[in-house]
Each structure stands twice: as C-alpha cells, then as structure tokens.
Amino acid sequence: MGKQSRPQESIDPSSSETHSDESYAPPPRVSGGSSGGSAVAVASGAAVAAIGSDTGGSVRLPAAYCGLVGFKPTYGRVSRWGLVPYCSSLDCPGFIGKTVTDVMLLTAATQGTCRKDPVTLPRCARIDQMVLDIEVADVPVVDDGKQATPEKHVSSKQKQTAPETKTRGFLKSKPGHPLAGWRVGIPSEYYLAELSDEVSAAWLATGLVCESLGAQLVTVSLPHTKSALAAYYVIAPSEAASNLARYDGVRFGDELDTGVVAEHEDASASLSKGMPREPLSPFHSGATRFRGQKFGKEVQRRVLVGTFVSSSSLAGRYVEKAQKVRRAVSNDFQNVFEKVDVLLTPTAPTVAPLLHKEQSEEFNSASVESNETNAGNVVAGYAADAMTVPASLAGLPALSLPVCFGLTTGMPIGCQIIAGKGSDAAVLGFAAVLEKALEKLGDARGAGTA
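Residue numbers for the sequence shown follow my numbering, so the first one is -8 and each next one is one higher.
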C-alpha cells in the first residue's frame, strides 16, 4: 500500500502542479488529473490497482491517458468518508486498474452504506454476484479432478447480498453474440471540434466491435452537453471556495508570524487597487497571505472564480443558472436511457498531451492563436474534461476502457461507457465483454491500433 503524488486539493487536469515530483507518462506527457499519480503507479507496475477521486473526470482521464481502466461509480455507491472535499455534490471515489476485473473487485469491496456519509447507497447485489462468478471460475481443482465446493470461497458478506439462484448473468446474450439485445447510444454532441482524428477513428472502430458482438448502435442526442462544461466550472469552483475556506493558516498548515502578516502591504492591494476601503483585519490579512503562499496557482484560480460567482450579488446570475443546466443535463441522460442501455463516447478529445506547453500540439488544439498565452493553455486543459463532465453532473456510473493505440502518436486511447444511475453492474459487465473482444482482436491483428 502506498500514497501517490497528486495535485493540491485534487485540482488540476494535468497533475503537473504537485508538491512532490510531477506525475507523467514517458515520454514526458501529461498523465491526466487529478488522479495522475494513481494512474502512473498502476501503469508502471508499482501497484496492482489504485484509488482516486473523480469529480469531473479525475479518474477516467488519467486512465485513458495511461492505457488503463478507470471506473467512476454512481454518486453515493462508495462512501466519500476520508476524501478531501473539493466539490461535495460531485466528488466520487473511483478506481484505476489494468483490467475491468480489477476495478470490479475494488468496487465490490468498498460499496455500500456508510454511517459517516449520508448520501451512500445500499450494496449492489449484481456486482457481488459478478465477483462471485469470478471467484467460482477460479476455484482450485482437488486431487480427484473435481472442483472444490464454491461455498468455501465465498465471503459471508457475499452470501448475504448475492442472489440465491445463480444465472448466466444479467447480460442479454446468446452464444457468439454476447452483447445481443444491447442498444448502444452514440451521442452526436460528442463530435467536438477538439476531437482528434485518431480518437475519432478509435471511437468508430470500437462501435463496430460492439456491433460485431451483437449490439445495436443508436445515434442519440444530448442537447445540453455543450453547456455542461461551463456549468461544471461554475459549480465546482463555488463549492471548492466554500470547502477550502477552512484553510486559513490558523487550524491547518504551517504557523505564520501574525505580527508580520498584519503589516503585509500586499494583502489587499492586488484585490482592489485604487478603490477606497477599510484595511484588512489581522486575521483576514493572515488568511490572505497564507493562501497566497500555500495554495498553488490552479487552486487559487478556482477559489477566486468560486468566490466571485457565489457572491450574493452574482449567485443568481451564475450558480443558479449552472444548477439549471445541471438538471437539464441529468434529464437528457434520463430520456436517452429510455431508448438505449449504455452510451459509448471517447474519454478525452486527444491522447495524452506533452507535459510542457512549448512541446505540446495536442493540448493546444483548443487555442486559435499560435502565440498562445498561459491563460489559453489553461482553457485548453479544461477542455480535456468535456467528455467526462456530463456524466459527473448527472451522478452516473462511467468507465474508461483502453481500446487501442493512436495511429499517429502511438499513445493509448480510451473510450467511455456510461449507463443510467445505479446501473454500475451494467457498465462493468458491458466493459468486461468489450475488453475481452478487444484483446482477442488485438492478438489476431498483432497490434493494438485502430
């Protein structure tokens, strides 16, 4: 068991702003954020699997960039107790592993109600049954050639939650076509301008694989997807500003010399230069200096944005409208899942960008000007969350599955599988079948490129 490098307060889409060494996938590329350290630990073989936190894609994006499986359960499926709060209404513990089985086992081990987290959901019996099926398949053979009694390898918790009758599973399948009867939605709104050609080709190829397995592809529409990213970057910073208000230099962090803090001439000058107002109190001046010194640039940026949009005079203009968009996004998903079983989308618009701005072409795809400013690069980084944020806003289970390597860059590409709220087992089961088919296809072709 180990602790991975991560950005401060889990706020950074690239995991490049950390208090320890940067987390990156060689050659020096962005590992994704904010659970980039978890992804690199698994990809490098330092860990079999890892836990991360997913607020707007912080588990799925690193998994896609590093060629791993990343799973964000339904909001409330796993307790948030022990998680540093960033955006409480979106924060969700997630899992990164090399296979779907890895994340399935971690989900089964951690799911269920928790007295210390009031939003948690009861255990999902289907997930327990899927894990039980895996354990039964791995039962050792005794000397007489017969399998050992499966009950000896079943935990008491699984006995309580698993269904009494064992079936082939919940997949609506038939021999040769394990996904027969499944309707797979392809959202038209996910064809973004930032979507690279190799990611688009991988998405199309993965859809064809699903079709070859018996699934029916259905083009669907999620009309409010285009507004989801903007709503997220209002809701998340506003909640972060509230959650991070506890870090004032008094209860947490290093001690500061309050005498010097009270006289600190820069505490308020940058906030409203030239505007007459009362000087800050020693406490507020100390908190300003503490946060200026201890918070990273990305954390400061989001706290400032969150404080601005949630102010009493502007909350109705920004936060309330963002919450309306969030409800609209959730309704879009609810309507679509009356027509399809799962959605298939890219996890990220591009492959993992190069670590440094001057080296990266993929990360700058959202910028129009060639002489891009640092602010433009930040916005381009935010755009990487465009595919993952909608499912987070709606609290849906979503999994990133590595499907191939890009033809141009040779970097891993991930596709995202999304299902309705509470349908974690559907996501895991569908992903397991698709993962197996992709492995066979890669072995047959001798390469993993699409």
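Note that the Cβ used here is the ideal one computed from N, Cα and C, for glycine as well.
Counting along the chain, where does the beta strand (DSSP E) carrying residue i start and finish?
{"i": "C395", "result": "389 to 396"}
{"i": "F86", "result": "83 to 88"}
{"i": "A40", "result": "40 to 45"}
{"i": "P337", "result": "333 to 337"}
Mind checking who residue i pairs with in its DSSP beta bridge?
{"i": "R237", "result": "For R237, which the question treats as bridged, DSSP gives no partner whatsoever."}
{"i": "V199", "result": "Reading off the sequence shown, one finds Leu at residue 199, where the question assumed Val. Answer is none; L199 lacks a bridge partner."}
{"i": "D108", "result": "C105"}
{"i": "M62", "result": "The displayed chain sequence assigns Phe, not Met, to residue 62. Bridge partners of F62: F86, L390."}
{"i": "L220", "result": "Answer is none; L220 lacks a bridge partner."}
{"i": "L444", "result": "Shown here, the chain extends from -8 to 441; a query on residue 444 therefore has no answer."}
{"i": "I408", "result": "L335, L390"}
{"i": "V69", "result": "Q102"}
{"i": "P403", "result": "F396"}
Excluding the five sequence neighbours on either side, which residues of its own chain have a C-beta within less than 6 Å of the C-beta of residue i, listed in chain order?
{"i": "P53", "result": "S22, G23, S26, G27, A30"}
{"i": "L81", "result": "T46, S383"}
{"i": "P19", "result": "L346"}
{"i": "S356", "result": "For S356, the pLDDT reaches just 44, beneath the cut-off of 50, and the residue's location in the model is therefore unreliable, although a value from the coordinates is still provided. These residues qualify, in order along the chain: E185."}
{"i": "R317", "result": "A222, L384"}
{"i": "L425", "result": "none"}
{"i": "A206", "result": "L170, W173, V175"}
{"i": "S187", "result": "T341"}
Would you call residue i buried or exposed, if buried means 16 or more other Cβ atoms sit within 10 Å of its Cβ?
{"i": "H168", "result": "exposed"}
{"i": "A37", "result": "exposed"}
{"i": "T210", "result": "exposed"}
{"i": "P393", "result": "buried"}
{"i": "Q325", "result": "exposed"}
{"i": "S303", "result": "exposed"}
{"i": "E202", "result": "exposed"}
{"i": "G411", "result": "buried"}
{"i": "D376", "result": "buried"}
{"i": "P403", "result": "buried"}
{"i": "Y182", "result": "exposed"}
{"i": "D93", "result": "buried"}
{"i": "T399", "result": "exposed"}
{"i": "W173", "result": "buried"}
{"i": "G401", "result": "exposed"}
{"i": "W72", "result": "exposed"}
{"i": "R51", "result": "buried"}
{"i": "P344", "result": "buried"}
{"i": "A260", "result": "Because the pLDDT at A260 is just 49, under 50, the model does not fix this residue reliably, and the value given afterwards should be weighed accordingly. So A260 counts as exposed."}
{"i": "L170", "result": "buried"}
{"i": "T379", "result": "buried"}
{"i": "G67", "result": "buried"}
{"i": "P113", "result": "exposed"}
{"i": "L204", "result": "buried"}
{"i": "T197", "result": "buried"}
{"i": "L123", "result": "buried"}
{"i": "L387", "result": "buried"}
{"i": "G43", "result": "buried"}
Pull up the CB-CB distance for residue i and residue j, whole angstroms please, since I reckon it's below 8 Å.
{"i": "S70", "j": "D108", "result": "4 Å"}
{"i": "V331", "j": "F421", "result": "Between F421 and V331 the Cβ distance is about 11 Å, and since that is not below 8 Å, they are no contact."}
{"i": "A99", "j": "I226", "result": "With a Cβ gap of about 30 Å, A99 and I226 do not count as contacting."}
{"i": "P64", "j": "L74", "result": "About 13 Å; that fails the 8 Å criterion."}
{"i": "L390", "j": "G61", "result": "7 Å"}
{"i": "L208", "j": "V175", "result": "5 Å"}
{"i": "V91", "j": "A423", "result": "4 Å"}
{"i": "L335", "j": "I408", "result": "6 Å"}
Is there a C-beta anywhere in chain B that falls below 8 Å from the one on residue i?
{"i": "D376", "result": "Structure shown: chain B not included; a single protein chain is present."}
Let's see if you can read the secondary structure: which residues bound the alpha helix (DSSP H) around residue i?
{"i": "D93", "result": "91 to 101"}
{"i": "T298", "result": "288 to 300"}
{"i": "A171", "result": "Element bounds for A171: n/a, residue is neither H nor E."}
{"i": "C57", "result": "51 to 57"}
{"i": "V75", "result": "Element bounds for V75: n/a, residue is neither H nor E."}
{"i": "R318", "result": "310 to 327"}
{"i": "A32", "result": "27 to 34"}
{"i": "A385", "result": "380 to 385"}
Just to confirm my understanding: we take residue i, look at its own chain, exclude 5 residues before and 5 after, and list those with CB closer than 8 Å. What are they?
{"i": "V294", "result": "P228, A231, A232, L235, R282, F286"}
{"i": "I118", "result": "M95, T98, A99, Q102, D415, A416, L419"}
{"i": "V453", "result": "Nothing in the structure corresponds to residue 453, since the chain is present only between -8 and 441."}
{"i": "V320", "result": "L213, H215, T216, S218, A219, A222, P381, L384, A385"}
{"i": "S361", "result": "Only weak support exists for where S361 lies, its pLDDT of 33 falling under 50; the value from the coordinates is given anyway. Correct list: empty, nothing qualifies."}
Which residues in the same chain as residue i place their Cβ atom closer than 7 Å to its Cβ, once the five residues preceding and following it in sequence are excluded?
{"i": "V296", "result": "P228"}
{"i": "A34", "result": "A16, C57, G58, L59"}
{"i": "K427", "result": "none"}
{"i": "L429", "result": "V200, V394"}
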